[in-house]
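Residue numbers (full-length UniProt numbering): 1 to 174.
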Amino acid sequence: MPQLLMIPGSLREASSSRATVRAMEARIGDRASCVTADVGRLPHYNADTTDDPAVAAFIAQVEAADGVVFVTPEYNYSIPGVLKNAIDWASRPAYASVFKGKPCFVVTTSGGVMGGVRAQAHLKYVLNGMLARVHIGKEIIVGQANAKVKDGRLADEAVLDFIEEEMTGFLAGL
Ligand SMILES: Cc1cc2nc3c(=O)[nH]c(=O)nc-3n(C[C@H](O)[C@H](O)[C@H](O)COP(=O)(O)O)c2cc1C
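This is the structure we're talking about:
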């Protein structure tokens, strides 16, 4: 069974991105085993820090995963700093990090109607820079995501159908 590392880009408890991760896991079911990373545990990136256990654990999670699934909001037209920080930690050595060749799947969320589409473009650009294998498919954005959360899960079945279709293709390529 493939292992997926889910990386939400929001730390808050009631996050619509985290709610989307939960709903996606329910849809994935027994087709993959999912682990969720906690990027809020990571210190700020500092190249002088070489022995931080949270950093080592995160890098090991990325390395062990057959695929990495990002579900992130857009902050100020880009990806949240906490997500960029996590990516930076796992991005070394340049062009030879655990992200090199790693299959990656991107979903963006937003409280507004844009669904984080600008953050999506930025994230894919960053992943390309690390030579990750970004899933080629229909762009998945979840607009007005906060209004679609019920009992801690994204409850928009049409959006989840759309995500599932792309996810099925992603899983088939792992
Ligand atoms: C610091 C900050 C910046 C934001 N910038 C944007 C933005 O550029 N575009 C957007 O659509 N929403 C923006 N939002 C609103 C978020 O889409 C909304 O808060 C969303 O619910 C955050 O994701 P979460 O529910 O996973 O925490 C911003 C929110 C915060 C806190």
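Heads up, the beta-carbon is just placed ideally off N, CA and C, and yes, glycines get one too.
Note that the coordinates shown come from a computational prediction; the quantities given were computed from them, not determined experimentally.
Can you tell me whether HIS135 is buried or exposed, with buried defined as 16 or more other CB within 10 angstroms of its CB? In the sequence shown, residue 135 corresponds to position 135, counting from 1. With 16 or more other Cβ atoms within 10 Å, it is buried.
In terms of alpha-carbon separation, which member of THR20, LEU5, PRO2 lies closest to THR109? Position 109 of the sequence shown, counting from 1, holds the residue named residue 109. Nearest C-alpha to THR109: THR20.
Determine the extent of the beta strand (DSSP E) in which PHE105 is found, giving its start and end residues. In the sequence shown, counting from the first residue as 1, residue 105 sits at position 105. Looking at the DSSP string, the run of the beta strand (DSSP E) that includes PHE105 is 103–109.
According to DSSP, what are the bridge partners of ILE87? The sequence position of residue 87 within the sequence shown is 87, counting from 1. As computed with DSSP, ILE87 is found in no beta bridge at all.
Quick check: the Cα distance between GLY67 and ILE140, rounded to an integer number of angstroms? Counting from 1 along the sequence shown, the entry for residue 67 is found at position 67. Counting from 1 along the sequence shown, the entry for residue 140 is found at position 140. Roughly 17 Å between the two C-alpha positions.
Residues sharing a beta bridge with SER33, DSSP: Against the sequence shown, residue 33 aligns to sequence position 33. In the DSSP output, where bridge partners are listed per residue, SER33 has GLN3.
Quick check on ARG27 - is its C-beta less than 8 Å from some C-beta in chain C? Structure shown: chain C not included; a single protein chain is present.
Tell me the rounded alpha-carbon separation between GLN120 and VAL106. One-based indexing of the sequence shown puts residue 120 at position 120. One-based indexing of the sequence shown puts residue 106 at position 106. GLN120 and VAL106: Cα-Cα distance of roughly 7 Å.
Limits of the alpha helix (DSSP H) - the one that ILE59 falls within: Walking along the sequence shown from the start, residue 59 turns up at place 59. 53–64 is the extent of the alpha helix (DSSP H) around ILE59.
Can you tell me the Cβ-Cβ gap for ALA155 and LYS148, rounded? I've got them flagged as a contact below 8 Å. Sequence index remark: in the sequence shown, residue 155 carries index 155 (1-based). Sequence index remark: in the sequence shown, residue 148 carries index 148 (1-based). Rounded, the Cβ-Cβ distance is 6 Å, consistent with contact.
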